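According to our numbering, the sequence shown is numbered sequentially starting from 175.
Beta carbons: idealized from backbone N, C-alpha and C, even for Gly.
All figures in this text were calculated on a predicted structure; none of them were measured in a lab.
Here the structure comes first, spelled out in structure tokens, and everything after it is commentary.
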Amino acid sequence: MFDSIPDALAAIRNGECIVVVDDERRENEGDLICAAQFATPEQINFMATDARGLICLAMEGERLDALDLPLMVDRNTDSNQTAFTVSIDAGPENGVSTGISADDRSRTIQVAIQPGSKPSDLRRPGHIFPLRARPGGVLKRAGHTEAAVDLAQMSGLYPSGVICEIQNPDGSMARLPELKIYARERGLKLISIEDLIRYRLDNERFVARSAQCSLPTEFGSFLAIGYSNELDGSEHVALVKGDPNNLNEPVLVRMHSECLTGDAFGSMRCDCRAQLHMAMKHIEKEGEGVVVYLRQEGRGIGLINKFKAYSLQEGGLDTVEANEKLGFAPDLRNYGVGAQILSDLGIHRLNLLTNNPRKIAGLGGYGLEVVNRVPMKAPVGDFNARYLATKKEKLGHLLDAIEFSSHWVLSLDSTSTDDGVLSDLLHRVEQLSQAKGVQLRAEQGPRLLALWERPRFVWSLQESEPDSDAIKAMLTTMAGWPETSRLGLLHTVNEQQITHPPQTLERKELKLSSLADASQDSAWFPAGSQAALIHWS
């Protein structure tokens, strides 16, 4: 669909215009762009008559400051933060009359980009609209302004470009289908800002090693290497096991994005902490490997926006829908920084610890070879079950290897208060559990006991996947004892809910007399990811 960036740079270098489109979730527009130093009257006329948009001059901030061209407004309320300065014309001394003709606008552009021009050489306001590009170009802001400056600079030309939005003949904005036809009919190169970003990430180094130290952890000792992103000042970490100068490829690697709520606070909404710990354990066991810890919180939307997304999820949206409701793509993460960190460590072939196929494709785009995918098995709980299901169904994560880990609690209450009777009852339960092969452990947690209005006895099952038939048989037998007044069964896939049961558990109240019949039918028996609390009385 799109032309290559090298072909587009060749066209810019040759004085041609190209068509550049941005993301459909942004302006969703295409601009004609040419290098400012090649903005002839013919090029300006072509833009004015054929593209029909506003003709602007994208420049670096340093040059605009030298020309004393401040921003048009102090408070920019444009959703895309387009940085217009005051508009300009060159003066009569440079052959400019009213400033509106193609020849006048071409001359104004040439005066503005001449190193020797002074603020007094320009009139304000005028018919050329300078735009202030952000330092870092499209890697900092994915706009046409930055694309124009980047394209000129990458072509070895003066870092300034002329841009003009492309409209359809009826005055509406041309979108990608029309832009493809527009470029093809005029023989112009067509590129996307997304491809330009990728090209820069592939071909420029902007991550530098800043510091390192030994880091003993509960999983083993690692070498912690800190990296700084020169574009935005963000800091990232590589935890290296083994000699960083002599790692045997393919190297075991975990590319982990920051999750403050999970990694640091132990949030049960996600599996991030579990995956980080599993990766460190795996690498420690392997004796060699790297965890790259990237500062891109909330799949790239940031911490506060992640909190907003959580709030929307509490209202019924899933993690993808919440991101989209906030105006974000489901996953904004970029692995260019991680790829440069691996390159700095001399790693080009890796075994990647991940369930995310997009991560494999993302790293592959930076010249890294993912030899093998090593799946991550994380525990599934009540709080993250829907999150993990959404990652599998909507984000394509490979989660078939993840299984639910069940936790069970039994309770029994008696009509008798006699110590001898209760002691005999407890002995019978122990004998029954041994006969059925079910290991029990007495529980004393006050919140857990409160679920059954403080029964006489509460036990947790030691097995994560006990024999359901054995549990049913135990309950049926216990229901037939004359001393039994009430039985309970708690099932959850989150171990923390054993000691801190939530109030949102599904609750069922059944008759004790019906338990014998119900044991022949598994309809009441919780399974899979269901969390349930059942009472028989």
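Inclusion of Arg523 and Pro418 in the CB contact set at 8 Å is not warranted, their separation being larger than that value. Taking a cut-off of 8 Å on C-beta distances, the segment 491–504 does not touch the segment 456–465, as fewer than three cross pairs fall below it. When Tyr509, Pro215, Gly654, Ile521 are compared, the shortest CA-CA separation from Ala535 is found for Tyr509. Tyr467: member of the beta strand (DSSP E) spanning 463–468, first to last residue. Taken in chain order, the complete alpha helix (DSSP H) segments of 4 residues or longer contained in the segment 184–234 are 215–220. In this structure, the CA atom of Asp445 is about 12 Å from the CA atom of Glu432. Taking Leu573 as the centre and dropping the five residues before and after it, the same chain places the C-beta of Asn529, Leu562, Lys565, Lys566 closer than 7 Å to its C-beta, in chain order. Distance from the CA atom of Glu543 to the CA atom of Leu537, rounded to whole angstroms, is 8 Å. A residue is called buried when at least 16 other Cβ atoms come within 10 angstroms of its Cβ; Gly407 does not meet this threshold and is exposed. According to DSSP, Ile399 shares a beta bridge with Gln386, Ala412. DSSP places Ile475 outside both helix and strand once states are collapsed to three, so it counts as coil. Ranking Ala257, Thr591, Ile365, Pro351 by CA distance to the CA of Thr658 puts Thr591 first.
Taking C-beta atoms under 8 Å as the contact rule, Ala322 and Ile207 qualify, at a distance of about 5 Å. Within its own chain, the residues whose Cβ lies closer than 7 Å to the Cβ of Glu683, once the five positions on either side in sequence are excluded, are His709, listed in chain order.
Just so you know, the alpha carbons of Gly436 and Phe631 end up roughly 35 Å apart.
A distance below 8 Å separates the beta carbons of Leu389 and Phe396.
Going by C-alpha positions, Asp224 is about 14 Å away from Ile355.
Secondary structure of Gln605 (DSSP, three-state): helix. A buried status is given to Cys191, since no fewer than 16 other beta-carbon atoms sit within 10 Å of its beta-carbon. Counting only runs that start and end inside the segment 511–543, the alpha helix (DSSP H) elements of at least 4 residues fall at 531–538.
When Leu586, Leu663, Leu606 are compared, the shortest CA-CA separation from Met648 is found for Leu606. Here the segment 296–305 makes contact with the segment 225–243; the two share three or more CB pairs at distances below 8 Å.
Around the C-beta of Lys480, 16 or more other C-beta atoms lie within 10 Å, and the residue is accordingly described as buried.
Arg297 sits close to Ile262, with the two beta carbons spaced by under 8 Å.
Taken through DSSP and simplified to helix, strand or coil, Leu243 comes out as coil.
In terms of Cβ geometry, Val612 and Leu586 do not form a close pair [threshold 8 Å]. Counting along the chain, Arg297 sits inside no alpha helix (DSSP H); it lies in the beta strand (DSSP E) bounded by residues 296–307.
If you ignore the 5 residues before and after Ala222, its C-beta comes within less than 7 Å of the C-beta of Ile229, Ala276, all in its own chain and listed in chain order. Nearest neighbour of Lys551 by Cα position, chosen from Met452, Arg473, Asp641, Ser588, turns out to be Met452. CA-CA distance, Val194 to Ala182, rounds to 10 Å.
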